[in-house]
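Heads up: the protein sequence lines correspond to chains G, W, Y and U, in order. Those letters in the first sequence? Residues 38 to 403, per this note's numbering, in order. Those letters in the second sequence? Residues 38 to 403, per this note's numbering, in order. Those letters in the third sequence? Residues 38 to 403, per this note's numbering, in order. Those letters in the fourth sequence? Residues 38 to 403, per this note's numbering, in order. Note that the Cβ used here is the ideal one computed from N, Cα and C, for glycine as well. Here's the structure, in structure tokens; my notes come after.
Number of protein chains: 4
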Amino acid sequence: MSGNTIGKLFSVTTFGESHGTALGCIVDGCPPGLEITEEDLQIDLDRRKPGTSRYTTQRREADEVKIMSGIFEGKTTGTSIGMIIMNGDQRSNDYSNIKDLYRPGHADYVYDQKYGFRDYRGGGRSSARETAMRVAAGAVAKKYLKQVHGVEIRGYLSQLGPIRAETIDFNEIENNAFFCPDVNKLEALDQYMRDLKKEGDSVGAEVTVVAKSVPVGLGEPVFDRLDAELAHSLMSINAVKGVAFGDGFDTVTQKGSEHRDTLTPQGFASNHAGGVLGGISTGQDIVARIAMKPTSSITVPGQTITNSGDTAEVITKGRHDPCVGIRAVPIAEAMMAITLMDQLLRHRGQNAGVSGPISPIPGSIK
Amino acid sequence: MSGNTIGKLFSVTTFGESHGTALGCIVDGCPPGLEITEEDLQIDLDRRKPGTSRYTTQRREADEVKIMSGIFEGKTTGTSIGMIIMNGDQRSNDYSNIKDLYRPGHADYVYDQKYGFRDYRGGGRSSARETAMRVAAGAVAKKYLKQVHGVEIRGYLSQLGPIRAETIDFNEIENNAFFCPDVNKLEALDQYMRDLKKEGDSVGAEVTVVAKSVPVGLGEPVFDRLDAELAHSLMSINAVKGVAFGDGFDTVTQKGSEHRDTLTPQGFASNHAGGVLGGISTGQDIVARIAMKPTSSITVPGQTITNSGDTAEVITKGRHDPCVGIRAVPIAEAMMAITLMDQLLRHRGQNAGVSGPISPIPGSIK
Amino acid sequence: MSGNTIGKLFSVTTFGESHGTALGCIVDGCPPGLEITEEDLQIDLDRRKPGTSRYTTQRREADEVKIMSGIFEGKTTGTSIGMIIMNGDQRSNDYSNIKDLYRPGHADYVYDQKYGFRDYRGGGRSSARETAMRVAAGAVAKKYLKQVHGVEIRGYLSQLGPIRAETIDFNEIENNAFFCPDVNKLEALDQYMRDLKKEGDSVGAEVTVVAKSVPVGLGEPVFDRLDAELAHSLMSINAVKGVAFGDGFDTVTQKGSEHRDTLTPQGFASNHAGGVLGGISTGQDIVARIAMKPTSSITVPGQTITNSGDTAEVITKGRHDPCVGIRAVPIAEAMMAITLMDQLLRHRGQNAGVSGPISPIPGSIK
Amino acid sequence: MSGNTIGKLFSVTTFGESHGTALGCIVDGCPPGLEITEEDLQIDLDRRKPGTSRYTTQRREADEVKIMSGIFEGKTTGTSIGMIIMNGDQRSNDYSNIKDLYRPGHADYVYDQKYGFRDYRGGGRSSARETAMRVAAGAVAKKYLKQVHGVEIRGYLSQLGPIRAETIDFNEIENNAFFCPDVNKLEALDQYMRDLKKEGDSVGAEVTVVAKSVPVGLGEPVFDRLDAELAHSLMSINAVKGVAFGDGFDTVTQKGSEHRDTLTPQGFASNHAGGVLGGISTGQDIVARIAMKPTSSITVPGQTITNSGDTAEVITKGRHDPCVGIRAVPIAEAMMAITLMDQLLRHRGQNAGVSGPISPIPGSIK
């Protein structure tokens with residue numbers, strides 16, 4: 038229940054640093070009887086995997102997940118599920134030059150201050166490498182939500198630097214290396230990334246995650262509202278600087294008459310709320326957007342200090358993502374799945390005996 | 038540990054609905070020896086209190102907090118602190134017309150779906166009235182943080198509808214009824230609110246909360262990062278639709294060379310990060326912004342349905358805030374204080390024995 | 038989630054010390070729709086109340102519980118339930134003489150060491166007075182368990198000093214002031230207590246709590262086994278020094294062939310296990326026994342030290358229970374109810390979708 | 038935070054079943070800077086390991102623990118520590134005959150009822166094999182407690198069937214295969230176990246665990262008292278049916294004048310309390326006793342039913358411990374260490390700033 042665990046009933050605990058022996062996680066509280074294979078998990082792990090396109094880091098990580106426990110005859114037994122990914126490609130020498138350096142925009146300085154010293158190899162625990170286990174755990178949640186409630190969780194790159202997706206075609210997302218739903222923006226994205234690479238710089242991005250067919254009623258006010266818990270889990274992803282639901286920061290300039298979603302017998306007439314009212318799911322699409330900062334691992338030289346307080350120049354060579362937002366798509370999906378799953382079980386625990394009130398109205402009018 | 042508790046070591050559990058007998062909370066885990074009086078708590082409660090200006094609801098709530106336990110001879114004893122605010126002004130009849138109606142933008146529909154029925158008086162537990170106890174609990178955390186670590190937590194209205202504060206003068210904030218730090222915008226705000234009242238409409242807002250002098254090292258990666266937990270606690274406030282740190286959603290279009298904050302022996306040269314790197318406080322100001330949606334309690338007529346699925350018209354009369362963002366300032370401060378306090382104790386638990394590494398560099402260069 | 042909260046889904050958080058303004062608790066996570074009145078709670082509070090017989094302390098505590106929230110039109114709404122008992126009979130002066138004294142067998146010394154000082158009035162938070170709120174919260178759990186699953190939780194005094202109940206007649210328990218199930222021991226108990234009073238001494242006791250008709254399957258291995266969580270909640274009652282299930286410490290000398298409970302198509306042939314196997318309920322009676330130490334508040338003079346380290350004599354005058362085990366009966370029932378309730382909701386959260394396996398066999402053969 | 042995690046700040050989460058691929062655990066919240074090697078953990082794992090003497094099961098388990106993360110340059114980094122033990126000796130066919138059988142005294146029946154089916158190989162998750170990871174995690178806690186506070190945690194077999202250790206010589210414990218502190222009882226134990234083996238039966242035992250030099254002040258009333266949390270963790274060990282502190286169930290017949298431990302300037306004059314008063318450590322030895330039931334895996338034939346409800350005979354062949362209490366000694370030490378460690382960090386979190394009150398008096402007068 039310390040900082041490396043998330044979820045109260047469906048709990049995910051992870052371990053592993055960039056250059057350790059292995060990454061791993063324990064998924065506890067999964068309902069029994071769910072069919073799960075390593076292949077199920079590998080699909081999303083491969084979507085997150087670096088080295089799959091020229092737009093992401095060329096570091097190759099096999100990221101082969103092995104299930105160690107909790108599955109018997111192909112099904113979850115209800116006991117804790119252990120998983121491991123062995124770390125293969127450990128080029129420690131790539132990083133030895135940053136041992137004494139506090140890279141700006143990185144966690145080097147704060148880890149030293151918090152813990153007294155740090156594992157400087159590839160960022161240690163603060164490396165985005167730990168997110169692999171989130172994806173593996175999220176795949177378990179995704180499968181259950183899909184199978185039992187028909188929930189679909191889909192993420193996409195809604196913006197990269199100045200380029201914003203305008204047409205949202207869910208069928209396009211997996212057809213390109215950007216997870217971009219707008220086929221008309223692919224060329225611009227490609228050109229932008231080529232230029233960025235030449236500059237040796239990086240860029241921010243916005244990722245949108247949508248959960249469809251979420252049952253009405255999930256969320257535990259007043260503190261563990263569904264949106265509050267999703268904000269927690271999404272903000273816990275490396276490089277995320279903002280989380281918003283529905284109209285998000287646009288609501289600042291909206292009027293009440295404009296924002297409120299009209300209910301009709303056929304369903305909600307709009308979804309400004311992003312699928313959450315009063316911290317509880319409405320049955321509409323849950324729409325979350327996250328802002329991903331540009332990575333600080335760039336070859337543009339910068340100023341910083343060493344751990345003895347001396348000034349120094351820093352250039353981060355090596356194989357890094359110029360836009361971490363791209364690979365964040367499956368990670369964001371995983372975190373949403375983990376939190377929805379936990380909230381589903383918590384809701385069921387308290388309310389399983391509730392005799393259904395009126396039939397839920399449909400989500401949104403198409 | 039169900040949904041009405043927040044915090045792991047410094048835990049706040051609340052109860053109370055809009056028209057119940059009383060609101061209350063239990064603050065558990067507060068360090069012993071802190072001098073606390075009811076007056077200390079009342080200061081912030083009065084800042085949140087409705088009826089204090091013509092821009093907020095004219096409903097009068099005495100909001101007088103009583104401490105029931107946990108204090109002896111003026112000091113916290115280390116045991117749980119119980120607090121109560123009796124509900125005085127309970128005009129239940131104001132709300133009887135909404136008994137069968139699902140007000141758009143409100144939690145009526147989802148509460149019925151989740152729990153099978155609801156306390157329809159004034160929104161019941163989903164009313165913003167519950168935030169009074171957050172403010173009382175937050176005042177305890179604020180006082181400890183201030184006294185022991187010199188932490189200052191200050192919130193302000195950074196935007197209301199189209200009007201954005203441009204000069205941030207912390208000394209101005211408490212001088213006006215808007216918690217606005219920009220004296221030059223007061224007239225525009227006054228005019229805007231008068232017009233809004235005539236329209237019978239409401240408007241959104243952005244609130245900014247800043248914590249100064251936070252020790253370096255707070256935050257529990259990978260899931261309970263400081264920003265992730267702050268996102269949780271801030272998003273748990275009614276009407277919040279977005280949370281961002283530092284440059285927030287502006288990072289989407291930033292480049293890495295532009296975003297990263299240079300470290301110098303004199304301190305950080307900028308604070309794009311908003312005081313958090315890798316989920317851990319840097320010693321710079323923690324800067325969080327939240328987007329508050331416009332309240333749906335307006336006199337502009339709208340369409341909706343009843344709990345039998347029939348269409349109906351809704352007009353919310355009564356005494357409501359045309360901009361809930363204004364009174365959210367002390368609430369946002371309180372939630373930040375509660376989370377910082379919890380993280381401080383958690384950090385201390387694990388790391389109290391750590392022999393200090395290098396001296397922390399100062400926050401930001403002025 | 039600090040030390041004054043118990044339960045993960047059905048959570049009880051309490052506050053209040055012996056001589057504070059009030060005692061209170063928040064029950065969070067209670068399923069909606071349960072009919073609860075203050076009278077329901079008062080029944081068990083009155084059973085715990087001091088001053089009801091000459092065998093317990095003559096201190097009079099009104100112990101009138103008031104529900105502050107979470108109930109609407111007579112039913113739980115699914116939101117947090119706040120309750121208060123105002124402290125009436127506060128004779129602070131009774132206790133002023135122990136201000137600087139560390140009473141042996143009491144928590145005076147350890148509270149001073151842990152927190153730096155203590156509320157010395159009547160033991161402050163360490164007083165058994167706090168158990169009143171456990172009883173109120175437990176009554177909510179009891180009612181739900183009874184109504185939805187037919188669970189009956191009954192406690193009794195199984196031993197007081199050398200006198201052991203031999204016949205267990207559940208119908209006798211409420212007919213006498215000792216909660217003793219053996220009508221033949223009442224005279225001996227009465228005589229023993231009279232003698233004890235003359236001596237100015239106190240005596241230990243054993244309380245047994247039995248839960249009947251508990252569903253098969255409750256318990257969350259490997260750490261949150263049903264018996265482990267019950268051990269936690271029962272051991273958290275003041276003065277408890279031992280907890281045992283089924284044959285308890287008698288198993289030390291048993292052989293496997295003697296201990297194991299045979300399963301037959303008609304049910305278990307015996308219940309040496311006390312209703313729990315592998316940390317999960319079997320459907321048989323859950324039988325827990327707790328050892329209650331003799332209170333140290335006696336008029337027999339004793340040696341001790343002051344907080345300045347000087348030796349001193351201590352005599353505890355005032356109105357104290359010569360056997361705290363008697364009034365512990367409703368408290369032990371309450372703690373068992375709270376833990377069973379929490380485990381029921383947790384089980385339901387994870388396993389609600391499990392399609393029933395074979396029909397459960399009946400509990401025990403009569 | 039589901040059932041396979043224990044501890045709030047120092048958290049241990051485990052996975053793994055008898056015949057799965059591997060056992061594993063994640064230790065989260067360990068203070069940074071502690072020197073830990075695999076050898077440190079192996080010492081206690083070897084003490085627990087089966088096949089080390091003729092009195093325990095002849096099953097050979099290599100039980101070689103591998104640390105996967107959280108250690109850098111020989112020291113804990115403050116991040117989560119992943120550990121694995123690969124399962125080697127998996128003779129699945131030994132157990133195929135029990136697939137449809139509900140072995141009396143085992144968890145077969147309740148697992149089927151709870152989860153809908155079960156991993157029947159060697160008891161699956163309900164096998165005592167999972168305790169290996171408790172021992173590995175406990176070794177981390179032990180080392181920290183020893184190094185930073187000089188805490189020594191020692192367990193021993195205080196009784197086996199009718200044979201009770203009378204002389205407690207801590208130096209004898211590791212000299213014999215019984216963990217027996219009384220050298221005069223070794224011959225009787227040897228003879229008893231030989232006879233038991235001939236009978237094909239098993240026997241119960243009592244294990245005592247003592248923690249010396251525990252700081253005064255650990256424990257979080259009112260629910261997370263030190264003894265309540267220790268009761269939880271000790272009762273969570275397979276086969277434990279009772280937990281008691283200090284005089285335990287003997288207090289039932291004690292008088293107050295006899296039980297209370299006199300405080301003197303030289304320390305406590307006795308330790309009837311077992312080192313805990315009011316749920317808080319006193320600085321005396323913490324003395325816990327646990328009752329271990331006789332294992333039900335015996336060759337004495339017994340009656341039971343199958344999962345279709347038919348009667349059947351059961352004989353458990355294979356390699357089983359005739360007295361599980363013997364190997365439970367290092368497990369009980371581990372659980373005590375884990376809980377003391379968690380309580381130490383929790384205490385430190387809340388009270389680190391407390392300026393020491395009077396100097397603690399010494400533990401017990403020798």
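Original post:
On the premise that Gly283 (chain U) lies in contact with Pro399 (chain U), defined as a C-beta separation below 8 Å, what is that separation, rounded to the nearest angstrom?
Top reply: What you label residue 399 (chain U) is simply residue 362 of the fourth sequence in a count that begins at 1. What you label residue 283 (chain U) is simply residue 246 of the fourth sequence in a count that begins at 1. Going by Cβ atoms, the distance from Pro399 (chain U) to Gly283 (chain U) rounds to 18 Å, so no, they are not a contact pair.
Subject >> Top-ranked residue by Cα proximity to Ser39 (chain U), from Y:Ile375, Y:Ser39, Y:Asn41 and Y:Lys45 >> reply: What you label residue 39 (chain U) is simply residue 2 of the fourth sequence in a count that begins at 1. The shortest C-alpha to C-alpha distance from Ser39 (chain U) to any of Y:Ile375, Y:Ser39, Y:Asn41 and Y:Lys45 is the one to Y:Lys45.
Subject >> Glu189 (chain Y) - partner residues in DSSP beta bridges >> reply: Your numbering for residue 189 (chain Y) matches position 152 in the third sequence. DSSP output for Glu189 (chain Y) lists Y:Lys249 as bridge partner(s).
Original post:
Would you say Thr114 (chain G) reaches chain U, if we count a Cβ-Cβ gap shorter than 8 Å as a contact?
Top reply: Locating residue 114 (chain G) in the first sequence gives position 77, counting from the first residue. Judged by the 8 Å Cβ criterion, Thr114 (chain G) is in contact with chain U.
Original post:
Any idea which residues DSSP pairs Ala389 (chain U) with across the strands?
Top reply: Counted from its first residue, the fourth sequence places residue 389 (chain U) at position 352. BP columns for Ala389 (chain U) are empty, so no partner.
Subject >> First and last residue of the uninterrupted beta strand (DSSP E) at Ala59 (chain U) >> reply: Here residue 59 (chain U) is taken as the residue at index 22 of the fourth sequence, counted from 1. Ala59 (chain U) -> beta strand (DSSP E) spans Ala59 to Asp65.
Subject >> Test: Asn388 (chain W) CB closer than 8 Å to a CB of chain U >> reply: Position 351 of the second sequence holds residue 388 (chain W). Chain U contact via Cβ: present.
Original post:
Interface residues of chain Y around Met378 (chain U) at Cβ under 7 Å?
Top reply: On the fourth sequence, residue 378 (chain U) is found 341 positions in, with the first residue counted as 1. Correct list: empty, because the minimum Cβ distance to chain Y is about 15 Å.
**OP:** Label Gly125 (chain Y) either buried or exposed according to how many other C-beta atoms from any shown protein chain fall within 10 Å of its C-beta, with 16 as the threshold for buried.
**Re:** Taking the first residue of the third sequence as 1, we reach residue 125 (chain Y) at position 88. Around the beta carbon of Gly125 (chain Y), fewer than 16 other beta carbons lie within 10 angstroms, which makes this residue exposed.
**OP:** Measuring only between beta-carbons, confirm whether Glu350 (chain G) sits less than 8 Å from chain U.
**Re:** Locating residue 350 (chain G) in the first sequence gives position 313, where the first residue counts as 1. No, its Cβ sits nowhere closer than 8 Å to a Cβ of chain U.
Original post:
Counting only beta-carbon atoms, is Gly4 (chain U) nearer than 8 Å to chain G?
Top reply: Since the first residue shown for chain U is 38 and the last is 403, residue 4 (chain U) is missing from the structure and cannot be characterised.
Original post:
Since Thr198 (chain W) meets chain G, which of its residues come closer than 7 Å, beta carbon to beta carbon?
Top reply: Reading the second sequence from its first residue, position 161 is the one you call residue 198 (chain W). The question names Thr, yet the displayed sequence has Gly at residue 198 (chain W). Within chain G, the residues near Gly198 (chain W) are Thr290.
Original post:
When you compare only the Cα positions, how much space is there between Asn208 (chain Y) and Asp238 (chain Y)?
Top reply: Position 171 of the third sequence, counted from the first residue, corresponds to residue 208 (chain Y). Position 201 of the third sequence, counted from the first residue, corresponds to residue 238 (chain Y). Spanning the two alpha carbons is a distance of roughly 31 Å.
Original post:
What does Asp472 (chain G) reach in chain W if we use C-beta pairs closer than 8 Å?
Top reply: An answer regarding residue 472 (chain G) cannot be provided, because it is not within the stretch 38 to 403 covered by chain G.
Original post:
Near Met203 (chain Y), what residues of its chain come up, given a Cβ to Cβ distance below 7 Å and the 5 sequence neighbours on each side ignored?
Top reply: Here residue 203 (chain Y) refers to the residue found at position 166 of the third sequence. Inspection of the sequence shows that residue 203 (chain Y) is occupied by Glu rather than by Met. Counting only Cβ-Cβ distances below 7 Å, and skipping sequence neighbours, we find Asp219.
**OP:** Quick one: grab the DSSP three-state call for Lys354 (chain G).
**Re:** Looking up residue 354 (chain G) in the first sequence gives position 317. Residue state, collapsed to three classes: coil.
Subject >> Phe109 (chain G), DSSP secondary structure in three states >> reply: Here residue 109 (chain G) corresponds to residue number 72 of the first sequence, with the count starting at 1. The three-state reading of DSSP puts Phe109 (chain G) in strand, counting E and B together.
Subject >> Whole-angstrom distance between Glu110 (chain Y) and Glu72 (chain G), CA atom to CA atom >> reply: On the first sequence, residue 72 (chain G) is found 35 positions in, with the first residue counted as 1. On the third sequence, residue 110 (chain Y) is found 73 positions in, with the first residue counted as 1. Cα to Cα, the separation comes out at about 44 Å.
Original post:
For the putative contact between Val251 (chain G) and Ser195 (chain G), defined by C-beta atoms under 8 Å, what is the C-beta separation to the nearest angstrom?
Top reply: In the first sequence, residue 251 (chain G) corresponds to position 214, counting from 1. In the first sequence, residue 195 (chain G) corresponds to position 158, counting from 1. Contact doesn't hold; Cβ gap of about 20 Å is too wide.
**OP:** Report yes or no: is there a C-beta of chain U within less than 8 Å of the C-beta of Ile342 (chain Y)?
**Re:** The residue given as residue 342 (chain Y) occupies position 305 in the third sequence. Closer than 8 Å to some Cβ of chain U, the Cβ of Ile342 (chain Y) qualifies, so yes.
Original post:
Per DSSP, what kind of secondary structure is Leu226 (chain W) in: helix, strand or coil?
Top reply: Taking the second sequence and counting its residues from 1, the one referred to as residue 226 (chain W) is at position 189. Residue state, collapsed to three classes: helix.
Subject >> Where the beta strand (DSSP E) through Val49 (chain G) begins and ends >> reply: Reading the first sequence from its first residue, position 12 is the one you call residue 49 (chain G). Looking at the DSSP string, the run of the beta strand (DSSP E) that includes Val49 (chain G) is Ser48 to Phe52.
Subject >> Cβ-Cβ separation, Val253 (chain Y) to Gly320 (chain Y) (assumed contact under 8 Å), whole Å >> reply: Taking the first residue of the third sequence as position 1, residue 320 (chain Y) is located at position 283. Taking the first residue of the third sequence as position 1, residue 253 (chain Y) is located at position 216. With 8 Å as the limit, Gly320 (chain Y) and Val253 (chain Y) qualify as a contact, their Cβ atoms being about 4 Å apart.
Original post:
Any C-beta of chain G sitting closer than 8 Å to the C-beta of Tyr146 (chain U)?
Top reply: Your numbering for residue 146 (chain U) matches position 109 in the fourth sequence. No, no contact with chain G.
Subject >> Chain-ordered neighbours of Gly66 (chain U) on chain W, where CB pairs are closer than 9 Å >> reply: In the fourth sequence, counting from the first residue as 1, residue 66 (chain U) sits at position 29. By Cβ distance, chain W contributes Glu257, Arg383, Gly386 and Gln387.
**OP:** Take Glu224 (chain U) as the anchor and find which of U:Gly241, U:Arg201 and U:Lys235 has the nearest alpha-carbon.
**Re:** The residue you call residue 224 (chain U) lines up with position 187 of the fourth sequence. The alpha carbon of Glu224 (chain U) has as its nearest neighbour, out of U:Gly241, U:Arg201 and U:Lys235, the alpha carbon of U:Arg201.
Original post:
Rounded to whole angstroms, how far is the Cβ of Phe260 (chain U) from the Cβ of Ser273 (chain Y), which I believe are closer than 8 Å?
Top reply: Against the fourth sequence, residue 260 (chain U) aligns to sequence position 223. Against the third sequence, residue 273 (chain Y) aligns to sequence position 236. Between Ser273 (chain Y) and Phe260 (chain U) the Cβ distance is about 5 Å, and since that is below 8 Å, they are a contact.
Original post:
In chain order, what residues of the segment 235-264 of chain U put their CB closer than 7 Å to some CB of chain Y?
Top reply: Asp238, Ser239, Val240, Gly241, Ala242, Glu243, Val253, Gly254, Glu257, Pro258, Val259, Phe260, Asp261, Arg262 and Asp264
**OP:** Note down the Cα distance separating Asn41 (chain Y) from Gly192 (chain G), rounded to an integer number of angstroms.
**Re:** Position 4 of the third sequence, counted from the first residue, corresponds to residue 41 (chain Y). Position 155 of the first sequence, counted from the first residue, corresponds to residue 192 (chain G). The straight-line gap from Cα to Cα measures roughly 41 Å.
**OP:** From the DSSP output, in three-state form, read off Leu78 (chain Y) for me.
**Re:** Numbered from 1 along the third sequence, position 41 holds the residue referred to as residue 78 (chain Y). Here DSSP, grouped into helix, strand and coil, assigns Leu78 (chain Y) to helix.
Original post:
Going by DSSP, which residues form a beta bridge with Gln196 (chain W)?
Top reply: As a first step, residue 196 (chain W) is located in the second sequence; it is residue number 159 there, counting from the start. BP columns for Gln196 (chain W) point to W:Arg201 and W:Glu243.
Subject >> Member of G:Thr290, G:Leu233, G:Val324 and G:Ile317 whose CA lies at the smallest distance from the CA of Leu271 (chain G) >> reply: Looking up residue 271 (chain G) in the first sequence gives position 234. It is G:Val324 whose Cα lies nearest to the Cα of Leu271 (chain G).
Subject >> Between the CA atoms of Lys103 (chain W) and Arg155 (chain Y) - distance to the nearest angstrom >> reply: Position 118 of the third sequence holds residue 155 (chain Y). Position 66 of the second sequence holds residue 103 (chain W). The alpha-carbon atoms of Arg155 (chain Y) and Lys103 (chain W) are separated by roughly 21 Å.
Original post:
Quick one: what's Thr348 (chain U) bridged to in DSSP?
Top reply: In the fourth sequence, the residue the question calls residue 348 (chain U) occupies position 311. Answer by DSSP bridge pairing, in chain order: U:Ile342.
Original post:
Hey, does Arg231 (chain U) have any beta-carbon neighbour from chain Y nearer than 8 Å?
Top reply: For the purposes of this step, residue 231 (chain U) is taken as the residue at position 194 of the fourth sequence. No - not a single Cβ of chain Y is within 8 Å of the one on Arg231 (chain U).
**OP:** List the residues of chain G whose Cβ lies closer than 8 Å to the Cβ of Leu314 (chain W), in chain order.
**Re:** Looking up residue 314 (chain W) in the second sequence gives position 277. By Cβ distance, chain G contributes Gly142, His143, Ala144, Tyr146 and Val147.
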